[in-house]
Amino acid sequence: MDCKPRAKPLLLCIFLFILSFICPALLIIHPSNEVNLLDSKASQGELGWISYPSHGWEEISGVDEHYTPIRTFQVCNVMEYSQNNWLRTNWIPRQSAKKIYVELKFTLRDCNSIPLVLGTCKETFNLLYLETDEDQGSRFREHQFSKIDTIAADESFTQMDLGDRILKLNTEVREVGPVTKKGFYLAFQDVGACVALVSVRVYFKMCPFIVRNLASFPDTVPMDSHSLVEVKGSCVNHSKEQEPPRMYCSTEGEWLVPIGKCLCNVGYEERGSSCQACRAGFYKSLLGNVQCSKCPPHSFTHHEGALHCGCEKNYFRADGDPPSTACTRPPSAPRNVISVINETSVILDWSWPEDTGGRKDVTFTVLCKLCRPGQRVCEACRSNVRFLPRAAGLQNTTVTVGDLLAHTNYTFEIEAQNGVSQLAPTMRQYAAVTITTNQAAPSPVTVIRKDRTSRNSISLSWLEPERPNGIILDYEVKYYEKQEQETSYTILRSKGCNVTLSGLKADTSYLLQIRARTAAGYGASSRSFEFETSPDSFSISSESSQVVLIAISSAAAIILLTVLLYIVIGRFCGYRRSKHPDEKRLHFGNGHLRLPGIRTYVDPHTYEDPSQAVHEFAKELDASCIAIDKVVGAGEFGEVCSGRLRLPSKKENCVAIKTLKAGYTDKQRRDFLSEASIMGQFDHPNIIRLEGVVTRSKPVMIVTEYMENGSLDSFLRKHDAQFTGIQLVGMLRGIASGMKYLSDMGYVHRDLAARNILVNSNLVCKVSDFGLSRVLEDDPEAAYTTRGGKIPIRWTAPEAISYRKFTSASDAWSYGIVLWEVMSYGERPYWEMSNQDVIKAVDEGYRLPPPMDCPATLYQLMLDCWQKERNNRPKFEQIVSILDKLIRNPGSLKITANTSPRPANLLLDRSSSEVVQSLGTMGDWLDNVRTLPCKEAFSGVSYSSCDTLPKTSAEDLKKVGVTIVGPQKNIVSSIKALESHSKNAPVPV
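According to mature numbering (1 follows the signal peptide of the UniProt record, and there is no 0), the stretch in the sequence shown is residues -27 to -1, 1 to 962, in order.
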């Protein structure tokens, strides 16, 4: 074919070339989120578009590589001047589109490659559109169209490209919108180009129907180019909302940010994107997206969608058993019952049933029946028959039955029961044993009354024994003077329940015992009862004496009450007269009362509404004032972050932020904020400072001051052996000062440990961690769980471990452990010993040895804190005073205690002589061995050598005003050891 530039023949040559080589590239699978409004390739007949003028754009036909007809348009009037060729599409309905996209595929020839061009050659054409509400037919007005864009080719072809059979297809996409009318036209304006319009596709984007998290979302058209469309999903059949499902439709027709989900109903499981009924033999009893479970043993279901599986015949499931539990049956009868009779008691023993029914909750019940001679049916035993430990709910296979009648036949039925026995009464099985009790002596007399007393006689009566065990023949009455202590006694016998003792001494105390006799012999004697004869001949009945005693007691009570009332009224009036009119009492919302100038701790758990305590003691912060920088750790309730707090009219400062994780319960929220309620009551330089809380927005936060160096134990391990003794004592003094403040307020910390001490950049130590439900340590061996909660064994006093007696004295014990941690630079107390070994060792007297290079005075302070008797431990006020003296006298830190890195065996307390051996003179001992207050007290006592002090008794020490924290006998033994160690050393007076 001749492809010279002759307008239409030239363009036809180009088009045929395109069909041969470019059409395979046109087979593009469009994304599912694009909805076509027009696709010229889809039409196999004439498109019927309007061309104006008629000799401009020309529609031609061709085939692709599959010989499928396609229609296209071309124009190439480059040989003529002033071209204005229009091509208009048919009317295109908008459907639901808000914004439309026009995709053009075309080729365009380079004007420079066309020889002998007479007109003005262009390398662009214009794309225009017109919105209308109805089809305007063949009417065509150029001025009605709005220009979309001028379309230029990225690559144009030349004559050489035609010769080499290489042709590039251009693809351009343009947006139009928002469109508002029912439809629109597209128009293509040629002003002198040689172009072939291969295909035109008009489409809009839509988020297609989708099922996500068991919620279906319908086809959704984006609103505009700048916003997302929120779409609410609908749960698929047989499912319910857990959280309302939502997604957002983007302008690109993509679903974004799925929120919420649906859960399959009970009896249905998730399969693919729907909820399907459980198959026969399977069940699902809970709402959720878990798979159906196979029926447990001895259960079945024959229908689909089962919520639970029914039990097979003679198998049952208890009311408290979950549907996942296998069906079980009652146990068989106990085996091998053995009885051992001892007079009127019997011990029953048996073996476990051969079949427990498939359950572990087997217990035993013993039923007692009394079988009298001549009776066909046995009757139930009397209620006073005793079972040890009990008659029902036995978990062991033995029971003792006492207080039976003598010479009587009994039948005992022993039944094994489990959780389903009550559901199958007809399947009850038991083992029976019949016994006959032996003859037994009567039980002791328990009640004796004094009927009449005279100068030389006493009349007594008593009640028959509770268990006579036969016919009582008589009673033996034994009595003697109290002062004689049973060396000389008298015995009387009585057929009845009364006796008169005559020939007694006046105004004398007598002890008396009674025992009953049957055919089986005497029973046990009663306890000793004491009676007194009258001092003179005056005699009064017991009833009259009681009346007199009541009258005297009433008169004394009235007099005492009158005196107390007089004192109370007098003090109250005196207080009202002395009270200054300006004095005020401070009342808290929960009824707590505080006096001005006296700070006491108030337990937030005493408030009816815990949130009231938070708002009373903690400042509410605006979340906008807090900026979180980074996460530095994790706590029990959420993350721990560092950040900045900027309050109005205040400078910005660094803070630590504890956050409450999402999905918390009301109890978790109360426990989380209780720490703030506690911390907000404290104001001390060695107590971590609470900045405030955030409770009115999420996340809930507790904001405290930021401590740059973190916890004390990790800080010491990081800087091992890098501090002087004075620096360490300074840290310890700060901790003791904070604990003294807490103790004065009446607060017991319960978990004082180096891990709960925070250190700032100036090495100031502050007590922290006031949570009542805190995690104690990452190490599971660190806490010993008791019935009252978790206890940090290695830091806790023995009485707190055994009896949960938490006091300031138990905090003092913990302070001794902290002191040891500081001096050992963060070493773990008791090393690898288990919790049980620690408890046993401490109870047996073992104490931690002194750390390396530990001053003797500090180690003695540790030992004093670890006194087993809590009242002997130092108060925090005394500890602060001791540390202050050490800081003022640094030389006292130079003498170190004997060190032992690890104990080979359990050690006892260091003897006092060991302490003395590390010291020199008596002055050193007084200065360094934890008795610093003694030196001033001894200043009034003349001593020139060690010979004088060992002779000083504990009473002498008290007289001179010596206050010794530990037991005084340890101090005295220390003095004696010092005597032998430095006998000739001079001691100053």
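We put the beta carbon where it would ideally sit given N, CA and C, even for glycine.
Every value quoted in this text rests on a predicted model; they were computed, and no experiment measured them.
{"Query": "Same chain, Cβ closer than 8 Å to residue 392, five either side skipped, listed in chain order", "Result": "291, 293, 294, 301, 332 and 334"}
{"Query": "Residue 194 beta carbon less than 9 Å from that of residue 78", "Result": "no"}
{"Query": "Rounded C-alpha distance that separates residue 385 from residue 327", "Result": "20 Å"}
{"Query": "Supposed close pair residue 633, residue 672 - CB separation, criterion 8 Å", "Result": "6 Å"}
{"Query": "Nonlocal neighbours in the same chain, by C-beta distance under 8 Å from residue 153, ignoring five residues either side", "Result": "104"}
{"Query": "C-beta contact flag for residue 425 and residue 435 at 9 Å", "Result": "no"}
{"Query": "Where the alpha helix (DSSP H) containing residue 714 begins and where it ends", "Result": "698 to 718"}
{"Query": "Residue 610: CB within 8 Å of a non-hydrogen atom of the ligand NAP", "Result": "By its list of ligands, the structure shown contains no ligand whatsoever, and the ligand NAP lies outside what it can speak to."}
{"Query": "Backbone secondary structure at residue 743 - three-state DSSP", "Result": "coil"}
{"Query": "Assumed close pair residue 721, residue 677 - CB separation to whole angstroms, cut-off 8 Å", "Result": "Rounded, the Cβ-Cβ distance is 21 Å, inconsistent with contact."}
{"Query": "Rounded separation between residue 865 and residue 724 - CA only", "Result": "30 Å"}
{"Query": "Beta-carbon proximity of residue 448 to residue 410, cut-off 9 Å", "Result": "no"}
{"Query": "Rounded Cβ spacing between residue 437 and residue 445 (contact assumed at less than 8 Å)", "Result": "7 Å"}
{"Query": "Distance between residue 630 and residue 596 (C-alpha atoms, nearest Å)", "Result": "11 Å"}
{"Query": "Distance between residue 367 and residue 985 (C-alpha atoms, nearest Å)", "Result": "With the chain covering -27 to 962 only, the question about residue 985 has no answer from this structure."}
{"Query": "The beta strand (DSSP E) enclosing residue 404, as first and last residue numbers", "Result": "403 to 409"}
{"Query": "Three CB pairs or more closer than 8 Å across the segment 834 to 842 and the segment 780 to 795", "Result": "yes"}
{"Query": "Limits of the unbroken alpha helix (DSSP H) element including residue 833", "Result": "829 to 838"}
{"Query": "DSSP state of residue 482 mapped onto helix, strand, coil", "Result": "strand"}
{"Query": "At least three beta-carbon pairs within less than 8 Å, the segment 19 to 37 to the segment 59 to 70", "Result": "yes"}
{"Query": "Buried versus exposed call for residue 809 [16 or more other C-beta atoms within 10 Å across all chains shown]", "Result": "exposed"}
{"Query": "Rounded C-alpha distance that separates residue 10 from residue 85", "Result": "37 Å"}
{"Query": "Rounded Cβ spacing between residue 488 and residue 501 (contact assumed at less than 8 Å)", "Result": "That pair is no contact at about 12 Å."}
{"Query": "Residue environment, residue 977, which counts as buried when at least 16 other CB atoms sit within 10 Å", "Result": "Residue 977 lies beyond the residue range present for the chain, which begins at -27 and ends at 962; the question has no answer from this structure."}
{"Query": "Host alpha helix (DSSP H) of residue 587 (start-end)", "Result": "583 to 590"}
{"Query": "Inter-residue spacing [alpha-carbon to alpha-carbon] between residue 443 and residue 486", "Result": "21 Å"}
{"Query": "C-beta contact flag for residue 998 and residue 786 at 9 Å", "Result": "Past the boundaries of the shown model lies residue 998; the chain is included only from -27 to 962, so the question cannot be answered."}
{"Query": "Span separating the alpha-carbon of residue 730 from that of residue 660", "Result": "9 Å"}
{"Query": "Short Cβ contact (9 Å threshold) for residue 591 with residue 683", "Result": "no"}
{"Query": "Proximity winner among 495, 503 and 354, relative to residue 420 (alpha-carbon distances)", "Result": "503"}
{"Query": "Continuous beta strand (DSSP E) stretch holding residue 47: start and end", "Result": "42 to 48"}
{"Query": "Where the beta strand (DSSP E) containing residue 204 begins and where it ends", "Result": "202 to 205"}
{"Query": "Same chain, Cβ closer than 6 Å to residue 270, five either side skipped, listed in chain order", "Result": "299"}
{"Query": "Separation of residue 129 from residue 157, as counted between CA atoms", "Result": "30 Å"}
{"Query": "Sheet register partners of residue 435 (DSSP bridge)", "Result": "421"}
{"Query": "Nearest residue (CA-CA) to residue 606, options 789, 614 and 600", "Result": "614"}
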